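In the UniProt record's numbering, the protein residues as written are 1 to 111. Yeah, the Cβ is synthetic: ideal placement off N, Cα and C, and Gly gets one too. Predicted model only: the values in this text are computed from it and were never measured.
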Amino acid sequence: MTYIVNDNCIACKYTDCVEVCPVDCFYEGENMLVIHPDECIDCGVCEPECPADAIRPDTEPDMEKWVEFNRKYSEMWPVIITKKDPLPNAEEMDGKDGKMELFSEKAGEGG
């Protein structure tokens, strides 16, 4: 089992999760985070920390696409271990549908 970040994170990018991760398996894109599925130790401490409910276990239905999505971008983006401010419109964007249209493949700063 592993945990994944889904599209609920897009345009919010809360980073509460990165501070509690004991293995530093979060990676930062321009407008979302992902988890490297091979580095995640399945501890689950990150899941309740996410205000946008964007972190889910891969055992839920239809998660395979998110495992591969997280794998792809975690290999392209820098690791993030320090909490940062969420994106400026995070509260407004939290829970919105159709957020994949806003997804950016660009890397974040990491740190």
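| Asked | Found |
| --- | --- |
| Counting only the same chain and skipping the five closest in sequence on each side, list residues whose C-beta sits under 6 Å from that of residue 34. | 5, 27, 70, 73, 74 |
| Rounded to whole angstroms, what's the CA-CA distance from residue 56 to residue 105? Just pull it up for me. | 21 Å |
| Which word fits residue 95, buried or exposed, when buried means at least 16 other C-beta atoms lie within 10 angstroms of its C-beta? | exposed |
| Is it the case that the Cβ atoms of residue 46 and residue 14 are separated by a distance below 8 Å? | no |
| Could you please give the first and the last residue of the uninterrupted beta strand (DSSP E) stretch that includes residue 34? | 33 to 35 |
| Do the CB positions of residue 8 and residue 53 come within less than 8 Å of each other? | yes |
| DSSP three-state label for residue 92, please. | helix |
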